[in-house]
Amino acid sequence: MTSRFVVLGVNHRTTPIETRERVAVTADSLDGVVRSVRGLPGVREAMMVATCNRVEVYATGDDLDAVAGALRGYFDQRGAVPYLYEHRDDAGLRHAFRVCASLDSLVPGDAQILGQVKEAFAVARDAGCTGQVLNKLMPRAFLAARRVRAETAIGHGQVSIASVAVDLTRGIFGDLAGRQVVVLGAGKMALGAARSLVRHGARLAVANRSYEKAVALAAEHGGAAHPLTDLAMLLQHGDVIVCSTGASTYVVTRDEVQRAMKGRRGRSLFLIDIAVPRNVDPRVGDLDNVYLYNIDDLERIVAEGSSSRAAATTAAERVLGEEIDAYRNEQRARGAAPVITALRQRFRATAKAELERSLAKPLKHLTVDDRKALEVMLDAMVNKLLHAPTMALRKQADTPDGAQREESLRALFDLADAEHDTETA
Amino acid sequence: MSPWLANPAFYLAATLYGLAGAALLAHLAGTRRQVPVVWGLRFLTAAVVLHGLHEVLRWTDGRGPFSGIRESLSTLALLVVLAFLGVRRVRQRVEVVGAFVAPLTLLMLLASRAPAGRPVGHLGGALIALHVGSVLMGTAAFTVAFAMALAYLIQERQVKRKHLKGVFQRLPPLDVLDDLGYRCVAVGLPALTLGIVTGLFVGVRTSTGGPLAAWQQYVGMGAWIVFAGVLVLRLAAGWRGRRAALGTILGYASAVLVLAGYYLRSGRP
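Which chain is which? The protein sequence lines are A and B, in order. Position 121 of the first sequence, counted from 1, bears residue number 146 in this note's numbering, the numbering being contiguous throughout. Position 269 of the second sequence, counted from 1, bears residue number 1099 in this note's numbering, the numbering being contiguous throughout.
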């Protein structure tokens, strides 16, 4: 049988941003959270994928009902159960592959998700929370995702958050030359969007809770560094504010923006809130001459811009289907492997014993070359005799029939001891 | 006037204004079969040439640009399009705003052919020409400002509602519309001020009193106050964007009422 496996989580499709904020896990706390999930009753292995768009737990255990129940309890504490989805075994496997290949993303072809899942897997593995199942499954899903990207046009002509940010800024301000872009936090996506704006002539300022980090980022991206305490001044003088801090409460409040707008004398202010939990109070968007877009708004626009990708998505699904089938077959083969190995050992041992007995007396006149030829012949005979049963066992390893056949073979050929020897070896 | 030439010029100009408006509106709306904005501009430019020809022919016939409400309306229509084309030369990507300018121009041009009664007062002399000319130039600038304000409100709605396809992509950026609207009001207000001041003298000289004329003067002053308010509040209190656009539309509505007053008075026996 392939490994038992369950995925529980919420994503942009099932869950509003207000709820995603409650289950959001920052990169800094991911290690601790995944350890605590791994510690839930019944959970043998666990990893957690936590991005702006999704928070998912991939877990295994002997009793999947118990594992799913424990995970459900985790999400229940954060009020996310009404939006929760659950995929088990094959469905879970397919979901994991689709997530890695960005086919479950709002915009198929999203280049970031694979890196994010890889990071999540690395965190879980380093924390000792993964085992036989996830250590085999996830690298295979990463390979499949790379193949999908290489062999299909899923990543071509991608409309990105950064390009939408540039279009929007142009739609509000016109020429970007000389406009002041302020990045709050250190999110990669925020810095990516800001870099695009800078390429079109805007000036960059980076503000961070840690001034040292702001200085490092500003030096890396060519801008001015500010501590987050300069926020009021930045709101007054900036034109585009890109927010991506890990704060769990609003960093930019309505009152602050209202005060800044008085100082701005009505000049337009564009806020891009990429963070989950959100950094900007959504009521800010109701103010005159203030335009606020959050991650869901941007991704919806990106998705609209990428709507003509049906052919690439179909091709990607086909490639992914092949990869999933190949993985399943390997898993099946691995499931039947102990019985097959034991059966071969049993046949070889019997043949060898009989050959040695014959060579000791009736065939002791044979030369060394003849003896070797006889050994080779017996090996070939064993292989040919066992070829058909081996293939049948591999093919049906994951089915009830296959399991029954394995049991029959164990009983008929007394393979229990041989299997045990193989495992200990 | 040479009607055998002036009439075709008028009707052709009107047709071309109509075609320009239709083409630019179709471009803005993003109809299935995309209409290039350049078509609208070509129609508009051709219309201006024919409209100008019509004005010259009429003048040679003894009816100057300010000699009556009909002539003034036709002159205003021409000034509006010239002002818009001038703005277009200064700032690129505003051609599509012609979708609002061209229909207004067509309306003014057609109204100039509507039957009218006696002229309003004695519309002759330098002072009258200065008065009417100033008012018309101010109104032309306000018409373009009104078109910019209308485009601003539509674009702002698109951005606020996060509809970034279609109209959003075709209209100019918000700040450009806001800035052009402001500049047009800034040009129009001194012209209107001159028109109002000279109008006080004209009013003393002409006998065009009556309740409608008084009402018209109040509305005219109201329009001036609104436009002045748009400028002062922008400079003093940072009233930009939506508020400035709404103020411009309110001021323009008042200016249109004043024009309508002239029109109504000219139609009275």
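C-beta atoms are modelled at their ideal positions from N, C-alpha and C, and glycine is treated no differently.
query: Do we get a CB-CB distance below 8 Å when we pair glutamate 329/A with the residues of chain B?
result: Judged by the 8 Å Cβ criterion, glutamate 329/A is in contact with chain B.
- prompt: With C-beta atoms as the reference, is proline 866/B less than 8 Å away from valine 924/B?
  reply: Contact flag unset, no.
task: Count the other C-beta atoms from every protein chain shown that fall within 10 angstroms of the C-beta of alanine 944/B, then say buried if there are 16 or more, exposed otherwise.
output: exposed
query: Going along chain B, which residues have a C-beta under 8 Å from arginine 290/A?
result: Ala1067, Gly1068 and Arg1070
task: Would you kindly check if the distance between the Cβ of arginine 172/A and the Cβ of glutamate 348/A is under 8 Å?
output: With contacts defined by Cβ atoms closer than 8 Å, glutamate 348/A and arginine 172/A form a contacting pair.
message: For a cutoff of 8 Å on Cβ pairs, would you count serine 293/A as touching chain B?
response: Yes - at least one Cβ of chain B is within 8 Å of the one on serine 293/A.
query: Who are the near neighbours of arginine 228/A in its chain, counting only those whose CB is closer than 6 Å to its CB and skipping five residues on each side?
result: Gln205
query: Where does phenylalanine 1031/B fall in DSSP's three states?
result: DSSP places phenylalanine 1031/B within a helical segment (H, G or I) once states are collapsed to three.
task: Could you pull the start and end residues of the beta strand (DSSP E) that glutamate 70/A belongs to?
output: 70-75
query: tryptophan 889/B to isoleucine 958/B, Cα distance in whole Å?
result: Each residue's Cα considered, the two are about 17 Å apart.
- prompt: In terms of residues, what are the limits of the beta strand (DSSP E) holding threonine 270/A?
  reply: Note, threonine 270/A: premise wrong, no beta strand (DSSP E); not H, not E.
- prompt: Residue ranges of each alpha helix (DSSP H) run of no fewer than 4 residues wholly in the segment 81-165 of chain A, ordered along the chain?
  reply: If we require 4 residues or more, the alpha helix (DSSP H) runs fully inside the segment 81-165 of chain A come out as 89-101, 114-125 and 138-151.
message: Quick check on DSSP: helix, strand or coil for valine 865/B?
response: coil
- prompt: Anyone know if the C-beta pair for alanine 230/A and glycine 248/A falls short of 8 Å?
  reply: yes
query: Any idea what DSSP makes of alanine 230/A, helix, strand or coil?
result: Strand at alanine 230/A.
message: For chain B, check one thing: does any of its Cβ atoms lie closer than 8 Å to the Cβ of asparagine 78/A?
response: Answer no: the Cβ-Cβ gap between asparagine 78/A and chain B never drops below 8 Å.
task: For phenylalanine 972/B, collect the residues of the same chain with a Cβ closer than 6 Å to its Cβ; drop the 5 residues on either side in sequence, then sort them by chain order.
output: Gly1018, Tyr1082 and Ala1085
task: From the DSSP output, in three-state form, read off aspartate 439/A for me.
output: Collapsing the DSSP output to three states places aspartate 439/A in coil.
field: Unbroken beta strand (DSSP E) run spanning alanine 250/A, endpoints
entry: 249-252
message: Run through the DSSP bridge pairs and tell me what serine 296/A is partnered with.
response: In the sequence on display, residue 296/A carries leucine and not serine. Looking at the DSSP assignment, leucine 296/A forms a beta bridge with Ile266/A and Leu317/A.
Pair within 8 Å by beta-carbon distance, alanine 358/A and arginine 419/A: yes
- prompt: How far does the alpha helix (DSSP H) with glutamine 283/A in it reach, from first residue to last?
  reply: 279-289
task: Buried or exposed for glutamate 43/A, please, with buried defined as at least 16 other CB atoms from any protein chain shown within 10 angstroms of its CB.
output: exposed
- prompt: In three-state terms, what does DSSP make of histidine 225/A?
  reply: coil
query: Is there contact here, the segment 310-318 of chain A with the segment 128-140 of chain A, by at least three beta-carbon pairs under 8 Å?
result: The segment 310-318 of chain A vs the segment 128-140 of chain A: no contact.
message: Using 8 Å for Cβ pairs, my map puts alanine 49/A next to valine 74/A. What's the rounded Cβ distance?
response: About 12 Å separates the two Cβ atoms, so there is no contact after all.
- request: Would you mind reading off the limits of the beta strand (DSSP E) that contains glycine 210/A?
  value: Per DSSP, glycine 210/A belongs to the beta strand (DSSP E) from 205-210.
- request: Please name the residue in Leu380/A, Ala218/A and Leu410/A whose C-alpha comes closest to that of arginine 396/A.
  value: Leu380/A
message: Less than 8 Å between the beta carbons of glutamate 70/A and alanine 84/A, yes or no?
response: yes
- request: May I have the straight-line CA-CA distance separating aspartate 322/A from alanine 1090/B, to the nearest angstrom?
  value: 45 Å
message: Under 8 Å, with one C-beta from each stretch per pair, do the segment 926-935 of chain B and the segment 978-997 of chain B reach the 3-pair mark?
response: yes
task: Rank Glu901/B, Leu1030/B and Val1056/B by C-alpha distance to the C-alpha of alanine 797/B and give the top, closest one.
output: Outside the shown range of chain B (831 to 1099) lies residue 797/B, about which nothing can therefore be said.
task: Please state whether DSSP places glycine 34/A in a helix, a strand or coil.
output: strand
Short CB-CB distance (under 8 Å) between aspartate 891/B and chain A: Using a Cβ-Cβ cut-off of 8 Å, aspartate 891/B does not count as an interface residue toward chain A, since no Cβ of chain A sits closer than that to its own.
Rounded distance between the beta-carbons of leucine 880/B and leucine 842/B, thought under 8 Å: Right, their Cβ atoms sit about 5 Å apart.
message: What would DSSP say about valine 276/A, mapped onto helix, strand or coil?
response: coil
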